[in-house]
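Residue 1463 is where the first sequence starts when you use our numbering, and the numbers rise one by one after that.
Here the structure comes first, spelled out in structure tokens, and everything after it is commentary.
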Amino acid sequence: MRSHDHRSHTWQASDYDLAATLGCGQAFRWTAARGAWEGVVSGRWVCLKQSGETISAECPADQRDWAWLEDHLQLHVDLAAVLASFPDDIPLRSAVGACRGLRLLKQEPWECLASFICSSTKQIVQIRQIIALLSERFGDPIPSMHGLAHAFPSAAQIATATEAELRACKLGFRAPYLLATARRIASGELNLDALTAMPLAGAREQLESLPGVGRKVADCALLFGFGFPTAFPVDVWVLKALRQLYFPKRKPRPARLRHFADTYFGPHAGYAQQYLFHAMRLGKLSPATGLPG
DNA sequence: GTCCAGGGATTCA
DNA sequence: TGAATCCATGGA
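Structure representation (structure tokens):
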């Protein structure tokens, strides 16, 4: 055991729930194994552990620096400041109380976009399986601490696949969407790197022009991959949360809910969305905790 | 607005 | 243990 090697690193991270963060369904390449979390970030295999307020990482090879992982885990984010920006209402208090230390990750844009194209009407466990198959079959082999692992395939790598090969990765009707989008990215017809510097609405419009990318998938990519803090993905869980908690005993039209989501939650709306999403899935939000009226 | 497109994990009888 | 339900939806 070496104490000053470059294969492992530790951080002090207060108010950080690693298990909730990696397992809540925002990213799909993390698996819990023997009290640790193993995953692939930016083409690097890594094993993470949390003990109290210490997070440790171990890689199969020496690392020059750990900025790639610090960025992915968003270790610099002041969670208290994020939570303080939320509207002070009963649903969010309840969600925050149920998900202490839940964080948003910063994923690679292409991987995130592709993952959520695969996500439509799939459950999180199934999405993980799809992403694992895509990586095994089309991604670059990389070293891990037990045999070979695989990087998430680039758009160019997926673009070389056939629709049948993608369907064999359990994509079903999503296969042609992913293939067509990969080709548009790989050809340079749409440059994902340019989206980061654009206003949210413009970036969203660009993403929604891609096959298989509607409002919800675009918002997931914008929030989890491109770092737009006000993107607010509305999936079936968040829809349920909004209806039950903010509009009980009413039947708001979808456009009304959309407007509410886009205007109510403040500068870190995406974070608020993640708390509502996760708390709802945990069954920690009940209609009884909703607002009056 | 309605309908359809994989399929398997999960739930429930 | 077999059937029903549900799923981080988008497009025609």
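Each residue gets a CB set at the ideal place from its N, CA and C atoms; glycine is no exception.
Nothing here was measured: the structure is a model prediction, and the numbers come from that model.
Determine, using beta carbons only, whether P1714 and F1722 come nearer to each other than 9 Å. Working through the first sequence from its first residue, we reach residue 1714 at position 252. Working through the first sequence from its first residue, we reach residue 1722 at position 260. A contact, by the Cβ cut-off of 9 Å.
Leaving out the 5 sequence neighbours to the left and right, which residues in its chain are closer than 7 Å to Y1737 when beta-carbon positions are compared? Here residue 1737 refers to the residue found at position 275 when the first sequence is read from its first residue. Around Y1737: L1554, A1557, V1558, C1561 and L1564.
Would you say the region 1640–1654 touches the region 1662–1674, given that touching needs at least three Cβ pairs under 8 Å? yes
Are the region 1646–1655 and the region 1589–1609 touching by the rule of at least three beta carbon pairs closer than 8 Å? no
Inter-stretch contact (C-beta, 8 Å, three-pair minimum) for the region 1587–1602 and the region 1614–1625: yes
Cβ neighbour criterion (16 or more within 10 Å) applied to V1587: Here residue 1587 is taken as the residue at index 125 of the first sequence, counted from 1. Exposed is the call here.
Hey, quick one: how far does the alpha helix (DSSP H) through E1570 stretch, first residue to last? Here the question's residue 1570 lines up with position 108 in the first sequence. Careful: E1570 lies outside any alpha helix (DSSP H) and carries neither H nor E.
Take the Cβ of Q1512 as the centre, count every other Cβ of all protein chains shown within 10 Å, and call the residue buried at 16 or more, exposed below. Residue mapping note: residue 1512 aligns to position 50 of the first sequence, counting from 1. Counting Cβ neighbours within 10 Å, Q1512 comes out buried, since at least 16 surround it.
In three-state DSSP terms, what is G1514? For the purposes of this step, residue 1514 is identified with residue 52 of the first sequence, where counting begins at 1. It is coil, neither helix nor strand.
Rounded to whole angstroms, what is the Cα-Cα separation between C1509 and E1520? Residue mapping note: residue 1509 aligns to position 47 of the first sequence, counting from 1. Residue mapping note: residue 1520 aligns to position 58 of the first sequence, counting from 1. The straight-line gap from Cα to Cα measures roughly 5 Å.
Near W1492, what residues of its chain come up, given a Cβ to Cβ distance below 6 Å and the 5 sequence neighbours on each side ignored? Taking the first residue of the first sequence as position 1, residue 1492 is located at position 30. Taken in chain order, the residues that qualify are L1484, W1499 and G1501.
Cα-Cα separation, L1747 to R1720: Mapped onto the first sequence, residue 1747 falls at position 285. Mapped onto the first sequence, residue 1720 falls at position 258. One C-alpha to the other measures close to 20 Å.
Quick one: what's got a C-beta closer than 8 Å to H1534's C-beta in the same chain, skipping five residues either side? Counting from 1 along the first sequence, the entry for residue 1534 is found at position 72. Once the five neighbours on either side are set aside, the close Cβ partners of H1534 are V1503, S1504, L1567, K1568 and Q1569.
How many angstroms separate the CA atom of H1538 from the CA atom of A1529? By 1-based counting over the first sequence, the position of residue 1538 is 76. By 1-based counting over the first sequence, the position of residue 1529 is 67. Taking the straight line from one Cα to the other gives about 11 Å.
Distance, Cα to Cα, V1679 vs M1660? Here residue 1679 refers to the residue found at position 217 when the first sequence is read from its first residue. Here residue 1660 refers to the residue found at position 198 when the first sequence is read from its first residue. Cα to Cα, V1679 sits roughly 18 Å from M1660.
Could you give the distance in angstroms between the alpha-carbon of G1487 and the alpha-carbon of S1582? For the purposes of this step, residue 1487 is taken as residue 25 along the first sequence, with counting starting at 1. For the purposes of this step, residue 1582 is taken as residue 120 along the first sequence, with counting starting at 1. Spanning the two alpha carbons is a distance of roughly 13 Å.
If E1515 and S1476 are in contact, beta carbons under 8 Å, what's the gap, nearest whole angstrom? The residue labelled residue 1515 in the question sits at position 53 within the first sequence. The residue labelled residue 1476 in the question sits at position 14 within the first sequence. Between S1476 and E1515 the Cβ distance is about 5 Å, and since that is below 8 Å, they are a contact.
List the DSSP bridge partners of E1500. By one-based count along the first sequence, residue 1500 stands at place 38. Paired residue(s): T1493 and C1509.
Would you say L1685 and G1745 are within 9 Å of each other, going by their C-beta atoms? Stepping through the first sequence from its first residue, residue 1685 is reached at position 223. Stepping through the first sequence from its first residue, residue 1745 is reached at position 283. Cβ distance not < 9 Å, so L1685 and G1745 don't count as in contact.
Assigned secondary structure, L1662 (DSSP; H/G/I helix, E/B strand, else coil): Here residue 1662 refers to the residue found at position 200 of the first sequence. Helix at L1662.
Quick check: what's the CA-CA separation for G1752 versus V1698? One-based indexing of the first sequence puts residue 1752 at position 290. One-based indexing of the first sequence puts residue 1698 at position 236. The pLDDT assigned to G1752 is 42, lower than 50, so where the model puts this residue is not dependable, and the model offers no usable value.
Give every residue of the same chain whose Cβ lies closer than 6 Å to the Cβ of S1518, excluding the five residues on either side of it in the sequence, and list them in chain order. Looking up residue 1518 in the first sequence gives position 56. So the qualifying residues of the chain are T1472 and K1511.
Using 10 angstroms around the beta-carbon of E1667, count the other beta-carbons present and answer buried if the total reaches 16, otherwise exposed. Looking up residue 1667 in the first sequence gives position 205. So E1667 counts as exposed.
What's the C-alpha gap between P1522 and R1506? Within the first sequence, residue 1522 is the residue found at index 60, counting from 1. Within the first sequence, residue 1506 is the residue found at index 44, counting from 1. So the two alpha carbons sit approximately 9 Å from each other.
Limits of the alpha helix (DSSP H) - the one that H1534 falls within: Taking the first residue of the first sequence as position 1, residue 1534 is located at position 72. From DSSP, the alpha helix (DSSP H) with H1534 extends over A1529 to L1535.
With distances taken from CA atoms, which of I1579, P1691, E1651 and V1700 is nearest L1628? Position 166 of the first sequence, counted from the first residue, corresponds to residue 1628. The shortest C-alpha separation from L1628 is found at I1579.
Which parts of the region 1573–1616 are runs of the alpha helix (DSSP H), unbroken and 4 residues or longer, counting only runs that do not cross its ends? 1586–1600
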